[in-house]
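Visitor: Once you've had a glance at the structure underneath, I'll fire off some questions.
Dropping the structure here:
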């Protein structure tokens, strides 16, 4: 029996198939490539290609990558090697606009997009996001682009039919408002997705984002939804990293036993039941199958509330600390 959830937006592949949860090719994959001594850009790691193919074979149709991850070539290779039709798959990538600590990887959104099309080996991209809002026209690392000017370039590409949907990542309310103003408050060109860090230990990446997104029909996607399953660590007062004990380590096994599901399935269902689309990944076929199976059970509201309560007692932000 299926227990579907009403999401703010119902995105589909070009052929009209509803998208699954996203399977990510993010920071961990970037580290894997660097760990093998591979160049930052332009290389293809067949091991990573095989993991993407495994996800597709397991039932995922939604593949998430980014310029910053350096995994666009692997996604492109997987698209070339899979038996699935391109129009039956949904590809997301993200423009890296630069940051105070590192420069943009392309001289603007249009140059990024040309490289992305080449890396992915496709004539269109389903969803293109701006990876974060922490840049401005005055920054030497952003080649003169602001949130508004970068967004308008992506809108031009959408008007040309090269991009099906536009979105953002890590945007708060003020960043979305600035983006709205850049297109003269025309909802046709508002972001349709905001992909943010979300898990029980960070239930709101920035103040008011969930309410604002719902008001403007913006789908929230979650990266890091399984964070409570990891060995979390922070620097102590002496600047040394130490592992943390966190409260869901006790609650999750209880819920897993109650529903006869894995801890990961409980967290993914928790996220999905809140109307948030998770992006997750695994190198194991059964875990990928388990992830897609979370549409086939439902958590009681009292258990959702308990995860909220226990999660709120412990704060953990994995990315962009101090910027919200």
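In the UniProt record's numbering, the protein residues as written are 1 to 324.
Ideal Cβ positions, reconstructed from N, Cα and C, are used throughout, including at glycine.
Here the structure is a predicted model, which means the values were calculated and not measured.
(1) If you measure between the beta carbons of residue 88 and residue 13, is that distance less than 8 Å?
(2) How many Å lie between residue 138 and residue 24 at the Cα?
(3) Do you know how far the Cα of residue 233 is from the Cα of residue 245?
(4) Spatial neighbours of residue 247 within its chain, please: CB distance less than 7 Å, with the 5 preceding and 5 following residues excluded, ordered by chain position.
(5) At a cut of 8 Å, does the region 127 to 138 reach the region 163 to 177 through at least three beta carbon pairs?
(6) Would you call the CB atoms of residue 199 and residue 228 closer than 8 Å?
(7) Provide the residue(s) that pair with residue 222 in DSSP beta bridges, ordered along the chain.
(8) Under the rule that 16 or more other beta-carbon atoms within 10 Å means buried, what is residue 40, buried or exposed?
(9) Need the endpoints of the beta strand (DSSP E) that residue 91 sits in, please.
(10) Determine the direct distance from the alpha carbon of residue 225 to that of residue 257, and round the result to whole angstroms.
(11) Roughly how many whole angstroms lie between the Cα atoms of residue 201 and residue 307?
(12) Could you tell me the distance, in whole angstroms, from the CA atom of residue 302 to the CA atom of residue 186?
(13) From what residue to what residue does the alpha helix (DSSP H) around residue 180 run?
(14) Please name the residue in 44, 161 and 77 whose C-alpha comes closest to that of residue 56.
(15) For residue 322, which residues from the same chain have a beta carbon less than 6 Å from its beta carbon, with the 5 sequence-adjacent residues on both sides left out?
(16) Output the distance between the C-alpha atoms of residue 149 and residue 80, rounded to the nearest integer angstrom.
(17) Quick check on this structure: which residue in 69, 60 and 219 has the alpha carbon closest to the alpha carbon of residue 44?
(18) Counting pairs of Cβ atoms below 8 Å between the region 97 to 106 and the region 49 to 65, do you hit three or more?
(19) Considering only the beta carbon of each residue, do residue 195 and residue 279 sit closer than 8 Å?
(20) Does the distance from the CB of residue 163 to the CB of residue 122 come in under 8 Å?
(21) Looking at the strands, I want to know which residues DSSP matches up with residue 64.
(22) Does the distance from the CB of residue 183 to the CB of residue 165 come in under 8 Å?
Guide: Looking at the atomic coordinates:
(1) yes
(2) 32 Å
(3) 9 Å
(4) 310, 313 and 314
(5) yes
(6) yes
(7) 196 and 278
(8) Model confidence at residue 40 stands at a pLDDT of 49, short of 50, so the residue's coordinates are unreliable and nothing is read from them.
(9) 90 to 95
(10) 20 Å
(11) 9 Å
(12) 40 Å
(13) 173 to 182
(14) 77
(15) none
(16) 33 Å
(17) 69
(18) no
(19) yes
(20) no
(21) 24 and 92
(22) no
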